[in-house]
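Visitor:
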Amino acid sequence: MNKLFVCFLWLVAAHTSVLAQQVIRVGTLEGAQGFEPAIAAVYKEIGLQVEFVLLPPERSLKSVESGVIDAEMARVVGGTAGYQNVVETHEPLLELQLLAVVRKDFKAKQLAPADLKAYKLGLYRGTKLAEGLVAKLGLEATAANSTLQTYQMLNAGRFDVALVSSVTPVSMYPEFSGSLKTLERPVATSKVVHVVNKKWAAYVPKIDAAVKALKADGRWAKLIAGY
Numbered sequence: 111m112n113k114l115f116v117c118f119l120w121l122v123a124a125h126t127s128v129l130a131q132q133v134i135r136v137g138t139l140e141g142a143q144g145f146e147p148a149i150a151a152v153y154k155e156i157g158l159q160v161e162f163v164l165l166p167p168e169r170s171l172k173s174v175e176s177g178v179i180d181a182e183m184a185r186v187v188g189g190t191a192g193y194q195n196v197v198e199t200h201e202p203l204l205e206l207q208l209l210a211v212v213r214k215d216f217k218a219k220q221l222a223p224a225d226l227k228a229y230k231l232g233l234y235r236g237t238k239l240a241e242g243l244v245a246k247l248g249l250e251a252t253a254a255n256s257t258l259q260t261y262q263m264l265n266a267g268r269f270d271v272a273l274v275s276s277v278t279p280v281s282m283y284p285e286f287s288g289s290l291k292t293l294e295r296p297v298a299t300s301k302v303v304h305v306v307n308k309k310w311a312a313y314v315p316k317i318d319a320a321v322k323a324l325k326a327d328g329r330w331a332k333l334i335a336g337y
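Be aware that the sequence shown starts at 111, since it is given in our numbering, and climbs by one per residue.
#1: What residues in its chain sit with their C-beta under 8 Å from that of Asp180, if we drop five residues either side in the sequence?
#2: Would you call the CB atoms of Leu273 and Arg213 closer than 8 Å?
#3: Do the CB positions of Val302 and Pro202 come within less than 8 Å of each other?
#4: Which residue wins for smallest C-alpha separation from Lys332, given the options Thr138, Gly141, Glu146 and Leu139?
#5: Can you list, in chain order, the residues of its chain with a C-beta nearer than 8 Å to that of Glu250? Leave out the 5 residues immediately preceding and following it.
#6: At which residues does the beta strand (DSSP E) containing Ser300 begin and terminate?
#7: Taking just the CA atoms, how far does Thr299 sit from Arg329?
#8: Residues in its own chain within less than 7 Å of Arg268 by CB, not counting five upstream and five downstream?
#9: Please classify Ser287: is it buried, with 16 or more other beta-carbons within 10 angstroms of its beta-carbon, or exposed?
#10: With respect to the beta strand (DSSP E) encompassing Ala272, which residues constitute its N-terminal and C-terminal limits?
#11: Ends of the beta strand (DSSP E) at Glu205?
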C-alpha cells in the first residue's frame, strides 16, 4: 500500500512538473498590452500558456538573451543582431512604422530619413528601428527611458523630432494633444516577428505555423485590429 501511495505521489509530482513547463514567460512593452491577446492566441494554438512580463525594451531583449524570460512579444526583423541566445521567428506578425512626432509649430509636413540630419533627435531607449536608423545615418539621438518621457522631453524643447513606434503613438497620451503632432508619413517601416530564447528554438516552426493558421481563418486580423 505504501509503495502504491508513493508511486501515486510521484506521478502527481511529475504531472505537475509537466504542467509547469507549459507556461512561457514573454516580455511585453509599454503601450503594447493590446497586442498580448494575439500572442496568447498563438501559444494557445501550440498548447502553451503565456505569462506576460512588462519590461523596458532594452532590458526585455537582454532578459531573453540571459534566459530570465523565455521570449519577447515582438521585434523588428534583424533587431536581435548581436544577441547569441535569441532566435527570431519567420512569419511576420505585423508591419511596424517609425513615426516622426514634433511640436505643433514644426513647419515641415513630412520628413525623409535624409532630412533628419537637420534636426535634434530623440527616441525611447531600446527602440531598435529608431536606433538602427539613427546609427545608419551616422547621427546621434537623445535617449529617453520611457515613451512618456520621450514626449515630455520633446514638449520641453530638448529635441526637435521624436522617433517613436507606431505601437505607442502620441494619440495615446491626450495630455499632448494641444502641443505635439505626428507628421504625415512614417520615416521608416519594418516587419515585426516574435523572438524566443534559443532553448525554445524547436518551437519556432510551430509558432510560425500558428500565426499562419490564425491569418488564414481571419482571427489574426481581428486580434491585431488597431495595430
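From the three backbone atoms N, C-alpha and C, an ideal C-beta is built for every residue, glycine too. Given the structure is predicted, the values throughout are model-derived calculations rather than measurements.
Guide: On the basis of the data shown:
#1: Ile134, Arg135, Val136, Val174, Val306, Asn307, Lys309 and Trp310
#2: no
#3: yes
#4: Glu146
#5: Leu231 and Val244
#6: Ala298 to Asn307
#7: 24 Å
#8: Gly232 and Thr252
#9: exposed
#10: Val271 to Ser275
#11: Leu204 to Arg213
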